[in-house]
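Here is the structure we will look at.
Number of protein chains: 2
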Amino acid sequence: MRGAARMIVLSGRAISAGTGLAKAKRNLKWQRDPEGMRLRILEAAKQEFSAHGLAGARVDRIAAKAGANKRMLYYHVGKKDDLYLAVLEGAYEKIRGEERGLDLEHLDPPEAIKRLIEFTWNYFLRNPEFLSLLQTENLVRAKHLKRSNKVKSMHSPFVEMIRTVVRRGVESGDFQVAVDPVQLYISIAALCFFYLSNCATLSVVFGRDLLAKDAKDERLAHMVGLVLAALTGRSAELFEIVKAPKPRAAQPVKMS
Amino acid sequence: MRGAARMIVLSGRAISAGTGLAKAKRNLKWQRDPEGMRLRILEAAKQEFSAHGLAGARVDRIAAKAGANKRMLYYHVGKKDDLYLAVLEGAYEKIRGEERGLDLEHLDPPEAIKRLIEFTWNYFLRNPEFLSLLQTENLVRAKHLKRSNKVKSMHSPFVEMIRTVVRRGVESGDFQVAVDPVQLYISIAALCFFYLSNCATLSVVFGRDLLAKDAKDERLAHMVGLVLAALTGRSAELFEIVKAPKPRAAQPVKMS
DNA sequence: ACAGTATTTATCCAACGGGTTAATTTCTCC
DNA sequence: GGAGAAATTAACCCGTTGGATAAATACTGT
C-alpha cells in the first residue's frame, strides 16, 4: 500500500502545489510520508550502490538523492549494510517476479529457448543496476546473500522450466541433447551478463562501441544462434535465420 | 632485472640470515631493495584491490601487506589510482603473455577451440584476481583503462587466431558456420568468467558448491560441448564424447 | 483541542583514510 | 672515509564518513 497520493516533500521544503492549500497551513515545513520516503530511500540506495559498489557508496549521497535527512536511512531501513541488503533483495524480487510472468510452456522448444535468451538479455539491458549489484555482492563472496532467508527461498522458475523445455525438445526430436538445465541457465545468463557488465573494458580492448544499436542486435543474434545451434545441431540454418534481417554488414575489425 | 638476490627486509627489521653477516654490520636496520620493494608493493596491491575493489581497498593495508612504509607506495608507484592502474596493466600484460604462448595454429579446428576454452577456464581459475580487477574496472566504466596507452596497444592474439581457426574449420567442413571471431571470443570468455566471478551468489541461489571438483569438471565439459556443438552441428556426439569419462552421475537438483 | 506518538530535521563526533612533510638511514662513487 | 644521492621511516594533517543524540514538527485518536 503506497502513500503515493501524498504530496512529496523535498529537503524540508513543501512543494506548494495549490498555493491555496499551502497558504491554509501557512507554517507547513514538511509532511509525513513514511512509505514514500522508504521507497525513495531504497531507490536512491539502489542507484548509489550500483554506481559505486558497496564500499564506494556514500550514505550522505543516498540521503541527498532521496531528498531525505541522513537520519531517515537509519530510521526506516538501518545501517549501510542493511540498506544494501534491502536493495539486493529488492533486485532479486523484481527479476524473479518478471521471470514468473514469462510462461514458456506453450511454445515449441526452440522458440522457448529463444524467448528465454531474449528476456534475459532485455532484462539486463533494462536493469543495469542489477548487474552491478550482483558483481558487488560477489566481491564480498555473497556475504549478505547468505544471511538473507528471503533470497534463498526465491528460486528462479527458469531452472524447472528449462528442464521441461529440454525434455520436450528431446522427445520431439528438436533437440539432440538433454543438457543439464542449471548449466544451460548459467550459460545463457553468462552470455548476456558478461557482455553487458564488461562492456566498458571490452569496448576499450576491441576499440568498438559494444552498446551501439547494431552491436547489440548482432550480439543477441549470436547468442541465440549459438545456443540453439548447440541444442538442435542445425548450426548453419540457425545462425543464418537468426541474423537474416541483416544483409551481411562489412566487418569493422580489420586483420593483417 | 629483479634484485631478487638481495636479502629481503621486512618492516624495517633485517632478517638476520647468517648471524655472522648480520653482526658484522651490527646497527643494520634495513637494506635497500627498490626493485624488490616495487614488486612487493604491486603484489600486495593486486591482492588488496582484487579482494576489496578500488574503493574498498586500503592504502595502509597494502603497505602492511608489502612489509613497507606507506610512503613507499607513493615513492615507487604513485597515488592510489596510479597503483591501481599499474596493477591492472600488469594483469593484462600477464594474460596477454600467456595467450601468446598458446599457439593453436597447428591443431585441427575443433581441437583448437577446445584448447582455447580450456586455457581460458584454467587461466581464470589460476588467476581469480584478474576477474575481480576486471569487474572493478567495469564498475568505474573503464576509466583507468581508457587512460592507459599500454593496455590499449595490447591486443589479444586470440581474435586473429580464432578468425583463422574458424576459416580453416569451415574450409575443412568441420565447422558449419563462419562466426564472428570477436563474438566467439567474448562468448567463450563469458561462459568461463561469469561462472567463476559469480560463483558465490550462484552457489547460494542454487544451493550447490559450484567450486567443488566435480562441479568444475562438469562445467568445463558443458562449455566445450556447447561451443563445439554449435560450431560443428554435431551436438549429440560432442556432448557425450566430452563428458564420456563420467558414468552419468545422479542429478543433485530435484524437481517437483 | 490536546496528549501522545510517529516522523523528520539539525548538529555533532570520533575514527578513518589518503596523502604529505621532514628526518633518518643506507648505499655509491670518488 | 666522506659527501651526496637514493631509499626508507616516522609522524602528522585534515577532509571525509558512518553513525549517534537530541530537539522539533506533523499527525492520530479521543
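Line by line, the protein sequences give chains L and X. For the first sequence, the numbering used here assigns the number 4 to the initial residue and increments by one for each residue that follows. For the second sequence, the numbering used here assigns the number 4 to the initial residue and increments by one for each residue that follows. Glycine included, each C-beta is placed from N, C-alpha and C at the ideal position.
Taking S190(X) as the centre and dropping the five residues before and after it, the same chain places the C-beta of V230 closer than 8 angstroms to its C-beta, in chain order.
Taking 7 angstroms as the cut-off, the beta carbon of A66(L) is found no closer than this to the beta carbon of V80(L). Neighbours of T204(L) in chain X, taken as residues whose beta carbon is under 7 angstroms from its own, are L137, E140, N141, A145 and L148 in chain order. For N125(L), the enclosing alpha helix (DSSP H) stretches over residues P112 to R129.
Excluding residues up to 5 positions away in sequence, E51 lie with their Cβ nearer than 7 angstroms to the Cβ of R64(X) in the same chain.
Between P112(L) and D183(L), the C-beta spacing is not below 7 angstroms. Chain L places no beta carbon closer than 7 angstroms to that of L105(X), leaving this residue out of the contacts.
Within 10 angstroms of the beta-carbon of A218(X) lie 16 or more other beta-carbons, which makes it buried. Approximately 6 angstroms separates the beta-carbon atoms of C202(X) and L214(X); this is inside 8 angstroms, confirming the contact.
Using a Cβ-Cβ cut-off of 7 angstroms, H109(L) does not count as an interface residue toward chain X, since no Cβ of chain X sits closer than that to its own.
Rounded to the nearest whole angstrom, the C-alpha separation of S135(X) and V208(L) is 17 angstroms. DSSP places M226(L) inside the alpha helix (DSSP H), whose first and last residues are K216 to T235. K155(L) reaches chain X at V207, counting residues in chain order whose Cβ is nearer than 7 angstroms. CA-CA distance, E121(L) to S238(L), rounds to 19 angstroms. Runs of alpha helix (DSSP H) with 4 or more residues, each lying fully within the stretch 152–211 of chain X, are found at 152–155, 161–175, 184–200 and 202–209, listed in chain order. Membership of A47(L) in the alpha helix (DSSP H) is indicated by the continuous run P37 to G59.
For S200(X), the residues of chain L that pass the 7 angstroms Cβ criterion are N141, in the order they occur in the chain. Residue state for L136(L) is assigned as helix, using DSSP reduced to three classes. Excluding five sequence positions before and after S151(L), the CB atoms of its chain that fall closer than 8 angstroms to its own CB belong to L88, L91 and E92, given in chain order. Any Cβ of chain L closer than 7 angstroms to the Cβ of Q34(X) would place that residue at the interface, and such an atom is absent.
DSSP, reduced to helix, strand and coil, places A67(X) within a helical segment of the structure shown.
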